[in-house]
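Engineer: Below you'll find the structure I mean.
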Amino acid sequence: MNTPASSSASSVAPRASRLLARLVPVSPQWRIPARKAERLGWLQLLLGVLVVVGAQMIVGLVAVAAGLVRLGAGGGAAARPGAAFIIAISAVPLALLGYWLVVRFVGGRPVIELGGRGAALRELLVGLAMGALLMCAVIAVLALLGSYHVVDVGWSPGILAGLQAGILAGFTEEILVRGVMLRLIEGWVGTWWALAVTAVFFGAAHLGNPQATVFGAVAIALEAGILLGACYLLTRRLWLAIGVHAAWNFVQGGIFGSDISGTGSGRGLIEARFTGPNLLTGGAMGIEASVVAVVLCTAAGLVMLLAVRRRGLVVPPCWRRPVLGEAVGDERSAG
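Here it is as structure tokens:
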């Protein structure tokens with residue numbers, strides 16, 4: 005029986021799909037790759053790692069030479085106020101340029117992951133809004149459960165530290181994990197295996213942080229690995245994932261005063277006190293290790309993966325693909 009209510013409900017999905025296609029359309033240049041997906045893929049992978057690490061090392065050495073950072077006798081380093089933020093800002097264009105050069109000249113194709121012109125800015129802004137809203141939702145739930153308490157509000161160096169973490173990690177980690185690793189591994193073993201591998205890698209990579217926990221790494225693999233991977237898969241560009249990641253870090257640390265991924269970051273705009281079990285608050289790892297963040301952010305990622313599948317953007321493993329590439333499923337509607 006087709007009631008008015010069911011008719012209204014059935015019309016929501018197509019409208020939502022059209023809205024999503026307008027806000028974050030898939031790159032019109034992208035195709036399901038041919039059996040041999042990328043030229044010199046292993047070399048691209050190696051150079052991608054070197055580009056991201058090298059960009060930060062080069063800027064760090066320049067900062068030392070300029071006196072922004074002083075190396076101590078024991079191997080430690082002391083940075084002038086704002087130096088870390090300057091380093092983060094400076095490393096981003098180098099990493100973007102390095103990625104562009106690797107894909108363009110080693111991969112031998114247009115760099116569609118950084119293309120889009122107008123779409124790039126729109127997707128970056130949508131990503132920033134998504135990341136901020138997700139972190140606000142996590143904090144709101146914790147506050148309602150009595151686990152988040154505001155102690156003070158005011159300027160703190162933690163605001164700049166959160167901004168630095170958002171910019172540097174948002175760009176460099178997305179270039180490496182989604183732009184290089186997810187893209188290349190997907191070309192070899194398909195979308196789902198590539199998403200799983202990069203999510204596990206992304207979570208495990210955070211185990212090196214000073215206050216990291218195993219549960220926190222698993223939480224990041226689930227919530228961020230799936231969500232950020234879905235952001236790239238949905239558009240085949242990096243801007244949406246960069247926006248989500250940057251806002252995610254800045255809002256949780258620079259605004260709400262949570263530790264960021266177990267780095268030991270201090271207060272932000274808000275000096276906060278967390279109470280309750282670590283499973284709820286995330287403990288020293290920060291709210292990324294909270295079960296609330298895991299549920300909300302993983303759910304958002306799964307919804308986006310459904311859109312990836314509906315758009316026909318799932319790539320089969322290379323041995324199941326034709327010799328020549330195919331057009332994407334919703335290319336005609338996305339424009």
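Count along the sequence shown starting at 1, add 4, and that's the number in my numbering.
A virtual CB, placed ideally from N, CA and C, is assigned to each residue, including glycine.
Cα separation between Ala338 and Arg26?
Structural biologist: Caution applies to Ala338, whose pLDDT of 37 falls short of 50 and renders its modelled position unreliable; the value that the coordinates give is listed next. Computed Cα separation, rounded: 7 Å.
Engineer: Under a Cβ-count criterion, where at least 16 other Cβ atoms within 10 Å of its own Cβ denotes burial, should Ala13 be classed as buried or exposed?
Structural biologist: Interpretation of Ala13 is limited by its pLDDT of 43, a score under 50 that renders its predicted location unreliable; the figure taken from the coordinates is listed afterwards. Per the 10 Å Cβ criterion, exposed.
Engineer: Considering only the alpha carbon of each residue, which of Thr302, Asp263, Arg313 lies closest to Gly286?
Structural biologist: Closest by alpha carbon: Asp263.
Engineer: Could you tell me whether the Cβ atoms of Gly64 and Leu164 are closer together than 8 Å?
Structural biologist: The answer is no: Cβ separation not under 8 Å.
Engineer: In whole angstroms, give me the CA-to-CA distance for Val218 and Leu211.
Structural biologist: Whole-angstrom Cα-Cα distance: 7 Å.
Engineer: Could you check which residue in Arg35, Thr176, Glu190, Trp34 has the C-alpha nearest to that of Trp323?
Structural biologist: For the residues Arg35, Thr176, Glu190, Trp34, the minimum Cα distance to Trp323 belongs to Glu190.
Engineer: How far does the alpha helix (DSSP H) with Ile143 in it extend, from its first residue to its last?
Structural biologist: It spans 122-148 - the alpha helix (DSSP H) in which Ile143 sits, taken as one unbroken run.
Engineer: Take every Cβ of the segment 132-142, pair it with every Cβ of the segment 94-112, and state whether three or more of those distances are shorter than 8 Å.
Structural biologist: No, because fewer than three Cβ pairs between the segment 132-142 and the segment 94-112 fall closer than 8 Å, the two stretches do not touch.
Engineer: Where does Gly261 land, buried or exposed, given buried means 16+ other C-beta within 10 angstroms?
Structural biologist: It is buried - the Cβ of Gly261 has at least 16 other Cβ atoms within 10 Å.
Engineer: Can you give me the C-alpha to C-alpha distance between Ala228 and Leu317, rounded to a whole angstrom?
Structural biologist: Roughly 20 Å separates the two Cα atoms.
Engineer: For the alpha helix (DSSP H) that Phe175 lies in, which residues bound it at each end?
Structural biologist: First-last for Phe175: undefined, no H or E at that position.
Engineer: Using 10 angstroms around the beta-carbon of Pro281, count the other beta-carbons present and answer buried if the total reaches 16, otherwise exposed.
Structural biologist: Answer is exposed; the Cβ neighbour count stays below 16.
Engineer: Give a yes or no on whether the C-beta atoms belonging to Pro37 and Val319 are separated by under 8 Å.
Structural biologist: Closer than 8 Å, so yes.
Engineer: Where do the ends of the beta strand (DSSP E) carrying Ile274 lie?
Structural biologist: It spans 274-278 - the beta strand (DSSP E) in which Ile274 sits, taken as one unbroken run.
Engineer: For Leu284, which residues of its own chain have a beta-carbon under 8 Å away from its beta-carbon, when the five flanking residues on both sides are left out?
Structural biologist: Within the same chain, Leu284 has close Cβ partners Leu146, Leu149, Ser151, Ser294, Val295, Val296.
Engineer: Cβ atoms of Leu72 and Arg84: under 8 Å apart, would you say?
Structural biologist: Yes, these two residues count as a Cβ contact at 8 Å.
Engineer: In the DSSP assignment, find the unbroken beta strand (DSSP E) run with His153 in it and report its ends.
Structural biologist: First-last of the beta strand (DSSP E) with His153: 152-157.
Engineer: Counting along the chain, where does the alpha helix (DSSP H) carrying Pro2 start and finish?
Structural biologist: Absent from the structure is residue 2, since the part of the chain shown begins at 5 and ends at 339.
Engineer: On the criterion of 16 or more Cβ atoms from any shown chain inside 10 Å, does Met61 qualify as buried, or is it exposed?
Structural biologist: It counts as exposed.
Engineer: Applying the 10 Å Cβ sphere with the 16-neighbour rule, what's the burial state of Pro29?
Structural biologist: Result: buried.
Engineer: Classify Phe4 as buried or exposed, calling it buried when 16 or more other Cβ atoms lie within 10 Å of its own Cβ.
Structural biologist: Residue 4 is absent from the model: the chain starts at 5 and stops at 339.
Engineer: Run the CB neighbour count on Phe109, radius 10 Å, all protein chains shown included, and call it buried at 16 or more, exposed below.
Structural biologist: Exposed: under 16 other Cβ atoms inside 10 Å.
Engineer: In terms of alpha-carbon separation, which member of Ala304, Gln256, Arg315 lies closest to Ala290?
Structural biologist: The identity of residue 290 in the sequence shown is Gly, whereas the question assumes Ala. Of the candidates Ala304, Gln256, Arg315, the one whose C-alpha sits nearest the C-alpha of Gly290 is Gln256.
Engineer: Hey, how far is the Cα of Trp252 from the Cα of Val312?
Structural biologist: Going from the Cα of Trp252 to the Cα of Val312 covers about 22 Å.
Engineer: So Ala92 and Gln215 are in contact, right, with Cβ under 8 Å, and what is the actual spacing, rounded?
Structural biologist: Actually they are not in contact, since the Cβ atoms of Ala92 and Gln215 sit about 21 Å apart, beyond 8 Å.
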